[in-house]
Each structure stands twice: as C-alpha cells, then as structure tokens.
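Chemist: My numbering numbers the first residue of the sequence shown as 27 and each following residue consecutively.
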Amino acid sequence: QNVEVGNFGGWEIISQRMKEANKITANYIDLLKQVASAMDTFGRALIKTARDSRLPDMEHGELKASLLAARTSVEYWGQDSVDAADAITTEVTQLSQYLTQAKLICKHAKEQAKQRQQQVREGMRRVQQAQRESQKKLQELMDKETNKLRVDSKPDAKPKELEKALQAGVRSVEAAKEAELQHKDAVNFHNAVLNEWCSYAHSGFNTFQNKEEHRVRLVRDSLWRIANICSLFAVQLDQHQESIRTALIHVDVAKELSTWVAIHKTLQTPPIPLVYTPIARSSLNTPSASFSTSARSTLTEVSEDSDSSGRSSPIPLYKARALYQFSARNYSACVVVLQSESEVSLTEGQSLVVMDVCNAEWSLVRTNTGVLGFVPSKFITAAPVST
Numbered sequence: 027q028n029v030e031v032g033n034f035g036g037w038e039i040i041s042q043r044m045k046e047a048n049k050i051t052a053n054y055i056d057l058l059k060q061v062a063s064a065m066d067t068f069g070r071a072l073i074k075t076a077r078d079s080r081l082p083d084m085e086h087g088e089l090k091a092s093l094l095a096a097r098t099s100v101e102y103w104g105q106d107s108v109d110a111a112d113a114i115t116t117e118v119t120q121l122s123q124y125l126t127q128a129k130l131i132c133k134h135a136k137e138q139a140k141q142r143q144q145q146v147r148e149g150m151r152r153v154q155q156a157q158r159e160s161q162k163k164l165q166e167l168m169d170k171e172t173n174k175l176r177v178d179s180k181p182d183a184k185p186k187e188l189e190k191a192l193q194a195g196v197r198s199v200e201a202a203k204e205a206e207l208q209h210k211d212a213v214n215f216h217n218a219v220l221n222e223w224c225s226y227a228h229s230g231f232n233t234f235q236n237k238e239e240h241r242v243r244l245v246r247d248s249l250w251r252i253a254n255i256c257s258l259f260a261v262q263l264d265q266h267q268e269s270i271r272t273a274l275i276h277v278d279v280a281k282e283l284s285t286w287v288a289i290h291k292t293l294q295t296p297p298i299p300l301v302y303t304p305i306a307r308s309s310l311n312t313p314s315a316s317f318s319t320s321a322r323s324t325l326t327e328v329s330e331d332s333d334s335s336g337r338s339s340p341i342p343l344y345k346a347r348a349l350y351q352f353s354a355r356n357y358s359a360c361v362v363v364l365q366s367e368s369e370v371s372l373t374e375g376q377s378l379v380v381m382d383v384c385n386a387e388w389s390l391v392r393t394n395t396g397v398l399g400f401v402p403s404k405f406i407t408a409a410p411v412s413t
C-alpha cells in the first residue's frame, strides 16, 4: 500500500499561497482606491476654491497679476490632482479585473481538485476493501483445501463427503479468483484516478505559477506607473510654485503703493488745523457771554469767518446756592471745551443763578457779583422758593 496516496499537502500549500496572494492584491487595490479618492477630493476642493475666489477690486498691476497667477496655478494644481486620481483609478480597474479572474480560476480549480481528490480517496477505499475481501476469500480457500485433505485422508470417508469437500474446494477457488480480480480492477481504477489527479494537479500548478507570475508582473508595473504618476504630479506642483514665485518676484511693492495712492487720491486740500486761543476773563463779565459762545471761543479756526460768528445772551434757568466751597483751578477742567479761565470760585452757601447745564458734571452759573463761569454740578443745589 502506498502511504502517500491520499496526502494532498502540496496542493493545499499552493492553494493557500494563491489565497494569500489574492489577499495581498486586494489590500493593494484598497490602498490605491483610498489614494485615488483622497487625491480626487483634494483636487476638486482646490478647483472649487480657485473658481469661487474673487480678487479684491482695489488690487492692480503686478500684484493683481500675481494673484491671478496664484489662482490659476491652484486651479491647475487641482486639475492635475484629479487627473492623477483618474490614472490611479485606471490602475485599480485593471488590477480588479485580474483579481476577479484569479478568484474565479482559484474557485473553479478548488472545486475540480476537491472532486478529483474525493475520487482518489474513493478509489483508495475500494482498493483497501477489495484487498481485504481477497484476503478473506484466500483464507477460505486454504480452509477448504485443508478440509478436503482431511476428508481424503480418512479411510472410512464416504463418497458423498468426498464429493462435498471437492465441490467446496472448487467454489472456494472460484471465489478467491473473483476476489483477486475485483482487487485488481480496484487497483487499476485507483491508479487511473490517481493519474488523472496527478495530471490535473500538474496542470493546476502550472496555471497557478503563470497566474502568480502575471500577478507579480501586474503589481510591479502598477507600482512603477504609480511612481511615475506621483513623480509627474510633483513636477507639475513645482512648476505651479515656480510660476507663483516668478509672479511675486515681479511685484514692486514701492511702485504698487505709489500707484495705489495715486489712484485713490481725492485731490482735496488737507483740513485747516485748529489753533488754541485762551479766553480772557473780562469777556465773561458781559451779560451776552453764553456757554456756547465761550465754548466756541476756546477752539477757533485760523480763518476770518470765525471772528464774525453770532453770539447769544444766556437766559437764567433757576436760582441756586453752593453746597460746598470750590476753588477755581489753573488747569483744564473739561476735556472738550472747558478751560481754567471759565471756572469761578464758590463759598459754602453762596447764592448764584444757573444759566446753563452743559453736561452732568458742569453747570454755567452767574454769581451775585455778575461773574459768569463754570462750577461742578454736584457742588450746587436749587434754592428753595420763598412763599
């Protein structure tokens, strides 16, 4: 008995190798799909950004040309990325077609191999069964011959017993021959099936080897083309960057600023500066001096029309008295229009007349001596009305 018959370890090893090869190819295809998807998304985002961007209307000259070059380069960059993604997708399609074909071939080969291996196992089982049957019949023949010799050696053996022993021996010989013939047929059948399996396995191994060589060649060529695509994409990116750099080098910042100033110049004269003029105390003693007049007098323009502006006499609002003592200061009391010369000193309980309230902090008052000036609003209160 051939102990190697029924051992298909070599086929299992080759099948497992083909399965791993297909898995490696599938992983490589998935990687290329992800790269193509990322590059396509990136390229379309660049194209959309470039087409949706609007340049400022105030840009001009080489600066505007550089911005236009940058926008155009970004759009071309995005289109190059989309083209590279399409090229990678083409590689994915070719590899996917090969992988699908390889899987179908492996599946068909596996089914055929399983069927033929089952035939080999069945043939081996038939051989073993026929061998056991032949051995059994041979043992029976030996027993019958021994019995015939024993009967023949008996001196008082009857003719009927001799005939019976002879017939049993003849039948045993025929049964042994039949069993031997079946054993021989089973061996021939098994050998034929085994030869068919060996031929199929040899053909399958050659097919697997050719497919593996083709797969390695496809992956190698694909990697080479992917490298060329990435290299071309990098060269195109360098060209876009160089065009942007060249456009930026041509920008003359000083000239651009001068041109911008010339374009946006209004051709109007600059405003006349304001000149500070202190107010004389004597000008506040006249009844016609008002808060608006004194405030305007502190800040006057260098023009002839400022001296001819109209003045209006203030009108008393109500009578008041001083709550606290207040001393006129020698520095500015109001940030906008109030000056030190417009403040007056107060004594506690002093009677006065409120002429105007400029804001929540200062009030224009006139003392009982006729002096007109500003005092803090919190330092005075309305005088009670006498009945």
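A virtual CB, placed ideally from N, CA and C, is assigned to each residue, including glycine.
Once DSSP output is grouped into helix, strand and coil, what is the label at Y344?
Modeler: The answer is strand: DSSP assigns Y344 an E or B state.
Chemist: If distances are taken between C-alpha atoms only, which option among V100, S248, V61 and A260 comes closest to S79?
Modeler: Per the C-alpha coordinates, the member of V100, S248, V61 and A260 positioned closest to S79 is V100.
Chemist: Decide if E88 is buried, meaning its Cβ has at least 16 other Cβ atoms within 10 Å, or exposed.
Modeler: buried
Chemist: Helix, strand or coil, according to DSSP, for G399 in the structure here?
Modeler: Per DSSP, reduced to three states, the secondary structure at G399 is strand.
Chemist: If I measure Cβ to Cβ from I55 and keep anything under 8 Å in the same chain, skipping five residues before and after, which residues do I get?
Modeler: V118, L121, S122 and L125
Chemist: Would you give the residue range spanned by the beta strand (DSSP E) that V391 belongs to?
Modeler: W388 to T393
Chemist: Specify whether the stretch 224-231 and the stretch 53-73 touch according to this definition: at least 3 beta carbon pairs, one from each stretch, less than 8 Å apart.
Modeler: Contact check between the stretch 224-231 and the stretch 53-73: fewer than three CB pairs, one atom from each, fall below 8 Å, which does not count as touching.
Chemist: Hey, D106 and Q267 are a contact pair by Cβ (cut 8 Å); roughly how many whole angstroms apart?
Modeler: In fact, because the Cβ distance is near 12 Å, the residues do not count as touching under 8 Å.
Chemist: By Cβ distance below 6 Å, which residues in the same chain neighbour V380 in space, the five residues on each side in sequence not counted?
Modeler: L343, Y344, A346, S389 and V391
Chemist: In the structure shown, what three-state DSSP assignment does E166 receive?
Modeler: helix
Chemist: Following the continuous beta strand (DSSP E) through T407, name the residue where it begins and the one where it ends.
Modeler: I406 to A408
Chemist: Beta-carbon separation of S160 and A194 under 8 Å?
Modeler: no
Chemist: Relative to the C-alpha of H240, which residue among A128, R97 and P410 is closest?
Modeler: A128
Chemist: Are A113 and I255 closer than 8 Å when you measure CB to CB?
Modeler: yes
Chemist: Is D382 helix, strand or coil by DSSP?
Modeler: strand
Chemist: Taking Cβ to Cβ, would you say A273 is nearer than 8 Å to A62?
Modeler: no
Chemist: When we look at the beta-carbon of S334 and count the other beta-carbons within 10 Å, is it buried (16 or more) or exposed?
Modeler: Residue placement at S334 is flagged as unreliable, the pLDDT there being 41, under the threshold of 50; the coordinate-derived value follows with that caveat. Looking at its Cβ environment, which holds fewer than 16 other Cβ atoms inside 10 Å, S334 is exposed.
Chemist: What separation, rounded to the nearest whole angstrom, lies between the Cα atoms of W286 and S248?
Modeler: So the alpha carbons of these two residues sit roughly 54 Å apart.
Chemist: Is the CB-CB distance between S269 and A95 below 8 Å?
Modeler: Taking the C-beta atoms as reference points, A95 is found nearer than 8 Å to S269.
Chemist: Taking buried to mean at least 16 other C-beta atoms within 10 Å of its own C-beta, is I39 buried or exposed?
Modeler: exposed
Chemist: Is F259 closer than 8 Å to A110 when the C-beta atoms are compared?
Modeler: By the CB criterion at 8 Å, A110 and F259 fall inside the cutoff.
Chemist: Could you check the C-alpha separation between D211 and H134 for me, to the nearest Å?
Modeler: 31 Å
Chemist: Note down, in chain order, each residue of its chain lying with its Cβ closer than 8 Å to the Cβ of V108, except the 5 sequence neighbours on either side.
Modeler: Sequence-distant partners of V108 (beyond 5 residues in either direction) whose C-beta falls short of 8 Å from its own C-beta, in its chain, are M65, D66, G69, R70 and I73.
Chemist: Considering V370, what are the terminal residues of the alpha helix (DSSP H) in which it resides?
Modeler: Premise fails: V370 is in no alpha helix (DSSP H) and is neither H nor E.
Chemist: From the DSSP output, in three-state form, read off S248 for me.
Modeler: helix
Chemist: Along the alpha helix (DSSP H) that carries R43, what are the first and last residues, could you check?
Modeler: G35 to D78
Chemist: Should M44 go down as buried or exposed, given a rule of 16 or more other Cβ atoms within 10 Å for buried?
Modeler: buried
Chemist: Just how far apart, CA to CA, sit H276 and R77?
Modeler: 24 Å
Chemist: Flag this pair as yes or no: are the beta carbons of M150 and H209 separated by less than 8 Å?
Modeler: no
Chemist: With distances taken from CA atoms, which of T233, G396, C384 and T115 is nearest S371?
Modeler: Answer by Cα proximity: G396.
Chemist: Closest to I341 by CA distance: which of L398, Q376, A201 and S377 is it?
Modeler: L398
Chemist: Mark K49 as exposed unless 16 or more other C-beta atoms lie within 10 angstroms of its C-beta, in which case mark it buried.
Modeler: exposed
Chemist: Using alpha carbons as the reference points, say which of L58, Q157 and W103 lies closest to R251.
Modeler: Of L58, Q157 and W103, the residue nearest in Cα terms is L58.
Chemist: Exposed or buried, S198, counting other C-beta atoms within 10 Å across all chains shown (16 or more means buried)?
Modeler: Result: buried.
Chemist: Looking only at C-alpha atoms, which of E369, E374 and N394 sits nearest to E387?
Modeler: E369
Chemist: Measure the C-alpha to C-alpha separation of C424 and T233 and round it to an integer number of angstroms.
Modeler: Any property of residue 424 remains undetermined from this structure, which presents the chain solely from 27 to 413.
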